[in-house]
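Everything on this sheet refers to the single structure shown next.
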Amino acid sequence: MKNTKQILKHLLLLTIASIAACSKPYEPKTIKYYAEHIAEAKLLVDKCVPQREKIVGYVNTPQGLDCNNAIEAYQNDQWDQYQKKLQESVNKFKRPFVAPK
């Protein structure tokens, strides 16, 4: 009876290990990917930032790296939009240069 339990236990562990070995590991998406898919980056940022603050070591997991890439792409996009609006404001008030006589 004891041997049967041990055999079943080992069989279960072997099954779990083989399933885990066959599954594809999670691959974080790149900053470039998120830069091209800003809406997806924004959704992920909203979802993962609270986890990042709660879970110790989260940033070192594949999901944490994915979160970091989404954050960076989203922040870059926000900065670019700010710079564009700033340049548009400057262009509204820009006057041609006239040299003094």
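Residues -20 to -1, 1 to 81 (mature numbering (1 follows the signal peptide of the UniProt record, and there is no 0)) are what the sequence shown spells out, left to right.
All C-beta atoms, glycine included, are put in the ideal place defined by N, C-alpha and C.
#1: For I51, which of helix, strand or coil comes out of DSSP?
#2: Excluding the five sequence neighbours on either side, which residues of its own chain have a C-beta within less than 7 Å of the C-beta of N48, listed in chain order?
#3: Can you tell me where the alpha helix (DSSP H) with E20 in it begins and where it stops?
#4: Under 8 Å: do the region 46 to 60 and the region 14 to 27 share three or more Cβ pairs, one atom per stretch?
#5: Have a look at Q43 and Y62 and give me their C-alpha separation to the nearest angstrom.
In this structure, then:
#1: helix
#2: V39
#3: 18 to 34
#4: yes
#5: 28 Å
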